[in-house]
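Q:
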Amino acid sequence: MAEKFREAAAKAFKAASAKAKVSRSSGGGPSIPAGSSKALGALIGAGAVGYAGMHSFYSVNGGERAIVFNRLSGVKSTIYGEGLNFNIPWFEWPIVYDVRTRPCNLQTLTGSKDLQMVTIGVRVLHKPDSNQLVQIYRQLGKDYEARVLPSLMNECAKAVVARFNANELLTKRELVSAEIAKDLRLRASKFNLLLEDIAITHVSFSPEYSRAVESKQVAQQDAERAKYVVIGAKNEKQTIMTKAKGEAESAELIGNSVKNNPGFMSLRRIEAAQDIATTVAGSGNKVYLNADSLLLNLLGNADDKFAKSVVAEKSSSRWGR
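Here the sequence shown is numbered in this note's numbering, starting from 4 and rising by one per residue.
(1) Please classify residue 201 as buried or exposed, where buried requires at least 16 other C-beta atoms within 10 Å of its C-beta.
(2) Which residues mark the beginning and the end of the alpha helix (DSSP H) in which residue 2 is found?
(3) Which value, in whole angstroms, describes the spacing of the CA atoms of residue 232 and residue 226?
(4) Between which two residues does the alpha helix (DSSP H) carrying residue 190 extend?
(5) Return the chain-ordered list of same chain residues with a C-beta closer than 7 Å to the C-beta of residue 79, the five sequence neighbours on each side being excluded.
(6) At which residues does the beta strand (DSSP E) containing residue 130 begin and terminate?
(7) Distance check for residue 126 and residue 98, CA to CA, integer angstroms please.
(8) Taking DSSP's pairing of strands, which residues face residue 207 in a bridge?
(9) Three Cβ pairs or more, each shorter than 8 Å: is that satisfied between the region 205-216 and the region 116-126?
(10) With a threshold of 16 other CB atoms inside 10 Å of the CB of residue 270, please say whether the residue is buried or exposed.
(11) List the whole-angstrom C-beta distance separating residue 123 from residue 160, where the pair is believed to meet the contact cut-off of C-beta under 8 Å.
(12) Roughly how many angstroms lie between the CA atoms of residue 87 and residue 62, to the nearest whole one?
(13) Between which residues of its own chain and residue 131 is the CB-CB distance below 8 Å, once the five residues before and five after are set aside?
(14) Out of 149, 185 and 115, which one is the CA nearest neighbour of residue 172?
(15) With 16 as the cutoff for other CB atoms within 10 Å, does residue 221 come out buried or exposed?
(16) Sorted by chain position, which residues of the same chain lie with C-beta nearer than 8 Å to residue 191's C-beta, five sequence neighbours on each side aside?
(17) When the Cα of residue 111 is compared with those of 237, 203 and 252, which residue comes out closest?
(18) Going by the DSSP bridge assignment, what does residue 97 pair with across the sheet?
(19) Under 8 Å by Cβ, that's how I've got residue 94 and residue 109 pegged, so tell me the actual separation to the nearest angstrom.
(20) Would you mind reading off the limits of the beta strand (DSSP E) that contains residue 112?
(21) Report the three-state DSSP secondary structure of residue 77 (helix, strand or coil).
(22) Using 10 angstroms around the beta-carbon of residue 189, count the other beta-carbons present and answer buried if the total reaches 16, otherwise exposed.
(23) At a cut-off of 6 Å, would you count residue 242 as near the ligand FAD, judging by its Cβ distance to the nearest heavy atom?
(24) Between 42, 133 and 91, which lies nearest to residue 66 when the distance is taken from Cα to Cα?
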């Protein structure tokens, strides 16, 4: 609506100026008739009204606020909201601020507590305090963001990073971000700036430190691998010892069984003969071997001889006592 009114006033002013020029050119002399002077005055008045109408209204868009500067009294204390607003032409003009949230990104190189160089990136979502726009304009002007935020972000980020070691910047990243946000909000409040969110977007270390960290990780992995190798060797040793102990106990039990019961060897001969017979029977080839070699001579007197030798050994040991 304000734009249409301004366009209509501009057209009326142009038409009045054109009529005034025509009347001046058609007079032909220095004297101006009374009717012409009245018409000229009316046209000048219409032009003034049109100019005043064009510059008496201004619009404030969504997400914006306006303050007004007066040539006589300076900046007014009133803050104007969205919509169509009135001001006095030539004596006043509006200063419009965007009060929507905007991002500001900064990367800075700083040193950690253990003197490692760190590149850290910080992103801040900020907006001006809409109730303090007059004070912001008087102190900082329209470009408040470029004047205040980069230096504040740089200083707060360096101060917080200096409190932590390089490895803590990764393991305690949430705490580092909270400390930066706390310091930034405290500093920005002095300039009537509202910070809605502060986040760490990037952390990188020097190439030397990165290589040292990688070498440390490789060494730790090698140490862990060596530890597991040692554990495996100990387990293998224990297994061998257990197996040897079992075999020794088994041999001792077999020896005791042979001494105490001569028929034990006959039982073993029968079991071995069964295994050999099963293997030979399953073979497709014809085998002609001695029965004694195959432990199949179960009717022979080998077991009797062995039993007699065992009895004789027992009796001799008894007489020896």
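Note that CB positions come from ideal geometry on N, CA and C, so glycine has one too.
A: Reading from the atomic positions:
(1) Against the sequence shown, residue 201 aligns to sequence position 198. So residue 201 counts as buried.
(2) Missing from the structure shown is residue 2; the chain here goes from 4 to 324 and no further.
(3) The residue given as residue 232 occupies position 229 in the sequence shown. The residue given as residue 226 occupies position 223 in the sequence shown. In this structure, the CA atom of residue 232 is about 10 Å from the CA atom of residue 226.
(4) Here residue 190 refers to the residue found at position 187 of the sequence shown. Where residue 190 is concerned, the enclosing alpha helix (DSSP H) stretches over 176-192.
(5) Here the question's residue 79 lines up with position 76 in the sequence shown. The beta carbon of residue 79 is closer than 7 Å to those of 70, 71 and 73 in its chain, skipping five residues each way along the sequence.
(6) Taking the first residue of the sequence shown as 1, we reach residue 130 at position 127. Boundaries of the beta strand (DSSP E) around residue 130: 120-131.
(7) Walking along the sequence shown from the start, residue 98 turns up at place 95. Walking along the sequence shown from the start, residue 126 turns up at place 123. Residue 98 and residue 126: Cα-Cα distance of roughly 28 Å.
(8) Counted from its first residue, the sequence shown places residue 207 at position 204. Answer is 122.
(9) In short, these stretches touch, since the Cβ pair count reaches three.
(10) As a first step, residue 270 is located in the sequence shown; it is residue number 267 there, counting from the start. By the C-beta density criterion, residue 270 is exposed, having fewer than 16 other C-beta atoms within 10 angstroms.
(11) Counted from its first residue, the sequence shown places residue 123 at position 120. Counted from its first residue, the sequence shown places residue 160 at position 157. That pair is a contact at about 6 Å.
(12) Counting from one through the sequence shown, the residue named residue 87 turns up at place 84. Counting from one through the sequence shown, the residue named residue 62 turns up at place 59. Roughly 5 Å separates the two Cα atoms.
(13) In the sequence shown, counting from the first residue as 1, residue 131 sits at position 128. Hits under 8 Å: 100, 102, 139, 147, 195, 196 and 197.
(14) In the sequence shown, counting from the first residue as 1, residue 172 sits at position 169. Cα-wise, what sits closest to residue 172 is 115.
(15) Indexing the sequence shown from 1 puts residue 221 at position 218. By the neighbour-count criterion, in which a residue is buried when 16 or more other Cβ atoms sit within 10 angstroms of its Cβ, residue 221 is exposed.
(16) Here the question's residue 191 lines up with position 188 in the sequence shown. Same-chain partners within the cutoff: 129, 151, 152, 155, 197 and 198.
(17) One-based indexing of the sequence shown puts residue 111 at position 108. Looking at the Cα atoms, 203 is the closest of the given residues.
(18) The residue given as residue 97 occupies position 94 in the sequence shown. Beta-bridge pairing links residue 97 to 71.
(19) By 1-based counting over the sequence shown, the position of residue 94 is 91. By 1-based counting over the sequence shown, the position of residue 109 is 106. Their Cβ separation, rounded to whole angstroms, is 41 Å, which puts residue 94 and residue 109 out of contact at 8 Å.
(20) Reading the sequence shown from its first residue, position 109 is the one you call residue 112. First-last of the beta strand (DSSP E) with residue 112: 105-114.
(21) As a position in the sequence shown, residue 77 is number 74, starting the count at 1. If DSSP states are grouped into helix, strand and coil, residue 77 belongs with the strands.
(22) Indexing the sequence shown from 1 puts residue 189 at position 186. Residue 189 is exposed by the Cβ-count criterion.
(23) In terms of ligand content, the structure shown is empty, and the ligand FAD therefore cannot be addressed.
(24) Here residue 66 corresponds to residue number 63 of the sequence shown, with the count starting at 1. Per the Cα distances, 133.
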